[in-house]
Amino acid sequence: MTVTRGFALLLTLAVGGALVNASGPAAGPPTTRLKTISARTNSGGASLVIEASEPVGYSLTRPDALTVFVDFRNVSYADVANLVQATPKGAIANVTVESAESMGAPAARVRIALAQPVAHRVRSDRNTVVVDFDKPSAKRPPYVLPPQARETAGDAKGTLNAMDALRETSATTADPIAALGLDGGPSAASVPATPSAPAPSAAAARRGATTPVTVVNALATRGTGATQTPQPPTPPPATTTIDQPGRPGKQYTGHPISLDFQGADLRAVLRTFAEISGLNVVIDPAVQGSVDVALRDVPWDQALDIILRANKLGYMVDGTIVRIAPLNVLAAEEKERSDLAKAQADAGQVTTLTRQLSYAKGEEMVTLLKQANVLSNRGQAFVDTRTNTLIVTDLADRLSATTELISTIDRPQPQVEIEARIVQTNKNYARALGVQWGFNGRVDPSLGNTTNLAFPNNGSLGGRTGGVQGPATGATTGVPTSVNLGVPGASSAVGLALGAVNGSFNLDVALTALESTGNGRLLSTPRVTTQNNIAAEITQGVQIPIQTVANNTVTVSFKDAALTLKVTPQITAANTVIMQIALENASPDFSRAVNNIPPINTQRAITQVLVTDGQTTVIGGIFVSQEQAATDKTPGLGQIPLLKWLFKRDSVTDQNTELLVFITPRIIKG
């Protein structure tokens, strides 16, 4: 991988649990020294092992594809044992140790020259730092550095120190939220530079506009390092925002780092993150405390977020400056700013506005102004009910919002015509077939047909179910009915009367039949017009008086038996109408009256529907079907084959009733 010149960021030095100041030179001569440098090979590649006398922090930089720097700040290398020997098939070509400067302090630099541009990884274990290199490819041709990289490699002062690099990064980073990664947006490692970004510094121009940043290991005692190559983000307009870390759904985009602090000063740790991000950071004097944290390979913006939350801190961003302070301090400042702005707004001149309302009611408008928080603390609203005039006294800037709200509300509302159709149909069918017959016979001496017995010598036999039937002409007299299964109210009948000459036996038969059909249709169409969101009602019918007697007092109340339509329409933006409907069709039935008080037949529908303008929908329907078949017969005789029709009556009744309710809204235009 070909990489142009980079620079090191020394994050923190934790030696024996104490944090070394990362902003200035060491206080005394180095007490830590490098002991040995050795190399070992394996099937996967080669490893360079650097051993120090005690746990030590380090930074790693790769200025070009064939060079790797490992800097140990404030560490002596006078008696280091360099045991590295180059191998023909290994990635390490040469290792030297030289003096350098890191963040204003002397440092021991281990320069690793590579035979091929292979990938590297760094890890540490207490006082040992190990740099692993991949195995070089035997088929790859010799790698030649580009001219710019060769100039950089030959320049002993070509590697920028950390503070210069940070200043250049800050100069090209105009979006601090994006650079910090604390707002869920892109970090400096992922947002490309744009032509509107500030011009790069002279040092950046000398080494090229795409100089990468190499992130370094932050552990003094344990952990692993990581590398990233961030680029300057796009500069937004300078704004001031206050935020609290740990918002739900936050995305962290910073490059991974490892941290190990024990009892470290909180302010010094926050300054370390300032160096990582390259932003201008101001730490509030109220920020105090210590940090105990052990993190491995986490995004640096997430690490900062966790440390801020653990110490109840927040931040305020103003342009490229990030101010870190306790949450209560930021909240108090925000409240003071809000109170000041509110006081300045309330200090203006009070003006009076009068507006005669044409469509809205003044009382409702006053309530709306108060509920919508349109009025200021000094604002008041009144209404003249005689002229429906709204009177508002408030600050001039608030009156503009009041005027806009009044103009929006005080508008004519469209009207809706609602038509309901109640269709009730009845179908009736009835059929009945019956028979009536009677006979009488006499045994009498006058007729010469006695029994020739002393007892019984004479007698008579005839029907007893009903009155006499048949004509009383000649020798035939009226015959009592023996089987009275005729059809009531029959519209058709056939009669047969037979009698003996001497009148000793008479027979009378009547066959009756009835069949009826009927179709009925009842249409009721109530119609009402009302404004949008205004309830309307229309009723047509009778009121039935009902008397109630209590304590010798007669009270008369009235019960409606009427067709009633109640509806509240709501017109939507999609040209549809939402209707709350209560429809009732009630009628008295005097045929079943009790004490002259008839029962009330009622059909009712209560619902809410959505209908397009001008369309018709069915909101309800009831279908009732009633079928009845009946047979009246003489026991035993009504079951005799062929003769059973002389002793029975059959009737069939079929009745269907159907009720449908239709509704049609029409928006009245203009």
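Going by the numbering used here, the first residue of the sequence shown is number 538, and it counts up by one from there.
From the three backbone atoms N, C-alpha and C, an ideal C-beta is built for every residue, glycine too.
Since this is a predicted model, take the numbers as computed values, not measurements.
Which partner residues does residue i have in the DSSP bridge list?
{"i": "Tyr966", "result": "Thr1054 and Asp1191"}
{"i": "Ala878", "result": "Paired residues: none, contrary to the question."}
{"i": "Pro1025", "result": "Paired residues: none, contrary to the question."}
{"i": "Asp669", "result": "Ser584 and Arg658"}
{"i": "Asn611", "result": "Asn611 pairs with nothing; no bridge assigned."}
{"i": "Thr987", "result": "None, per the DSSP bridge assignment."}
{"i": "Met1116", "result": "Pro1106 and Val1146"}
{"i": "Ile649", "result": "Val605 and Val632"}
{"i": "Gln1068", "result": "Gln952"}
{"i": "Arg923", "result": "DSSP lists no partner for Arg923."}
Taking the CB atoms as reference points, tell me whether residue i and residue j lie closer together than 8 Å.
{"i": "Gly975", "j": "Pro1017", "result": "yes"}
{"i": "Gly899", "j": "Thr930", "result": "no"}
{"i": "Ile955", "j": "Asn1122", "result": "no"}
{"i": "Ala933", "j": "Thr889", "result": "no"}
{"i": "Gly581", "j": "Lys672", "result": "yes"}
{"i": "Ala946", "j": "Ala897", "result": "Strictly speaking, residue 946 in this sequence is Ile, with Ala absent from that position. For Ile946 and Ala897, yes; Cβs fall inside 8 Å."}
{"i": "Ser827", "j": "Asp802", "result": "yes"}
{"i": "Ser795", "j": "Asp829", "result": "no"}
{"i": "Gln1077", "j": "Gln1117", "result": "no"}
{"i": "Pro836", "j": "Thr790", "result": "yes"}
{"i": "Gly1158", "j": "Leu1196", "result": "yes"}
{"i": "Lys1244", "j": "Ile1081", "result": "Within the shown structure, residues of the chain are numbered from 538 to 1207, placing residue 1244 beyond reach of any answer."}
{"i": "Ala862", "j": "Ala823", "result": "yes"}
{"i": "Ile1200", "j": "Thr1154", "result": "yes"}
{"i": "Lys964", "j": "Asn1193", "result": "yes"}
{"i": "Val859", "j": "Val818", "result": "yes"}
{"i": "Asn995", "j": "Asn1043", "result": "no"}
{"i": "Val605", "j": "Lys572", "result": "no"}
{"i": "Asn664", "j": "Ala576", "result": "no"}
{"i": "Gln893", "j": "Gln1068", "result": "no"}
{"i": "Leu906", "j": "Ala918", "result": "yes"}
{"i": "Ala909", "j": "Leu942", "result": "yes"}
{"i": "Asn1112", "j": "Asp1150", "result": "yes"}
{"i": "Thr891", "j": "Val911", "result": "no"}
{"i": "Arg614", "j": "Arg570", "result": "This sequence places Tyr at residue 614; Arg is not what is there. Their beta carbons are under 8 Å apart, which means Tyr614 touches Arg570 by this criterion."}
Nearest to residue i by CA position, among the options, is which residue?
{"i": "Pro1063", "options": "Ile1075, Asn1056, Asn1069 and Ile1071", "result": "Ile1075"}
{"i": "Leu807", "options": "Thr1139, Leu1022, Leu936 and Asp838", "result": "Asp838"}
{"i": "Thr578", "options": "Ser590, Asp1169 and Ile629", "result": "Ile629"}
{"i": "Ser895", "options": "Ser944, Thr1153 and Val866", "result": "Ser944"}
{"i": "Ala1027", "options": "Gly594, Gln973 and Ala675", "result": "Gln973"}
{"i": "Val1114", "options": "Asn1039, Gln952 and Ala967", "result": "Gln952"}
{"i": "Pro1136", "options": "Gly985, Thr1154, Ala878 and Val1079", "result": "Val1079"}
{"i": "Ile574", "options": "Arg648, Ser1029, Ala1030 and Leu603", "result": "Arg648"}
{"i": "Asp1191", "options": "Tyr966, Ala1047 and Ala991", "result": "Tyr966"}
{"i": "Leu1211", "options": "Arg892, Ile820, Thr987 and Leu1180", "result": "Here the chain comprises residues numbered 538 to 1207, so residue 1211 is not present and cannot be evaluated."}
{"i": "Ala1130", "options": "Val1148, Asn1112 and Ile1083", "result": "Ile1083"}
{"i": "Pro1106", "options": "Leu1147, Val980, Asn1088 and Phe1042", "result": "Leu1147"}
{"i": "Phe1184", "options": "Val1198, Gln825, Thr1168 and Thr1194", "result": "Thr1168"}
{"i": "Ala1215", "options": "Asn910, Phe1160, Asp601 and Asn1021", "result": "The requested residue 1215 is not part of the displayed model; the chain covers only 538 to 1207."}
{"i": "Gln961", "options": "Thr665, Val666, Ala650 and Arg1141", "result": "Arg1141"}
{"i": "Thr1002", "options": "Arg874, Ser814, Gln1163 and Gly1023", "result": "Gly1023"}
{"i": "Leu998", "options": "Val859, Ser1053 and Arg979", "result": "Arg979"}
{"i": "Ser674", "options": "Glu873, Thr598, Pro654 and Val1086", "result": "Pro654"}
{"i": "Ile587", "options": "Thr568, Gly627, Val632 and Arg599", "result": "Val632"}
{"i": "Val1046", "options": "Ala1037, Leu1033 and Gly1055", "result": "Leu1033"}
{"i": "Ser814", "options": "Ala583, Ser1188 and Leu841", "result": "Leu841"}
{"i": "Thr1049", "options": "Arg968, Leu850 and Glu871", "result": "Arg968"}
{"i": "Asn914", "options": "Asp876, Glu638 and Glu1164", "result": "Asp876"}
{"i": "Thr809", "options": "Gln788, Ile844 and Leu864", "result": "Ile844"}
{"i": "Arg660", "options": "Ser1188, Ser584 and Gly1055", "result": "Ser584"}
{"i": "Thr1171", "options": "Asp1187, Glu1164 and Asn1089", "result": "Asp1187"}
{"i": "Glu1164", "options": "Lys849, Gly1151, Asp1150 and Val1189", "result": "Val1189"}
{"i": "Gln1152", "options": "Ala957, Asn1039, Ala650 and Leu832", "result": "Ala957"}
Query raised in the report: Which whole runs of the alpha helix (DSSP H) in the segment 784 to 832 are 4 residues long or more, in chain order?
Result: 803 to 814
Query raised in the report: Do the segment 1166 to 1177 and the segment 1096 to 1103 make contact, defined as three or more Cβ pairs closer than 8 Å?
Result: no
Query raised in the report: Taking three-plus beta-carbon pairs below 8 Å as touching, is the segment 590 to 610 in contact with the segment 643 to 651?
Result: yes
Report task. Check whether the segment 873 to 892 touches the segment 835 to 855, counting contact only when three or more Cβ pairs, one atom from each stretch, lie closer than 8 Å. Result -> no
Report task. Check whether the segment 984 to 996 touches the segment 1057 to 1073, taking contact to mean three or more Cβ pairs, one atom from each stretch, closer than 8 Å. Result -> no
Report task. Assess, as a yes-or-no matter, whether the segment 620 to 627 is touched by the segment 591 to 608 under the definition of 3 or more beta carbon pairs within less than 8 Å. Result -> no
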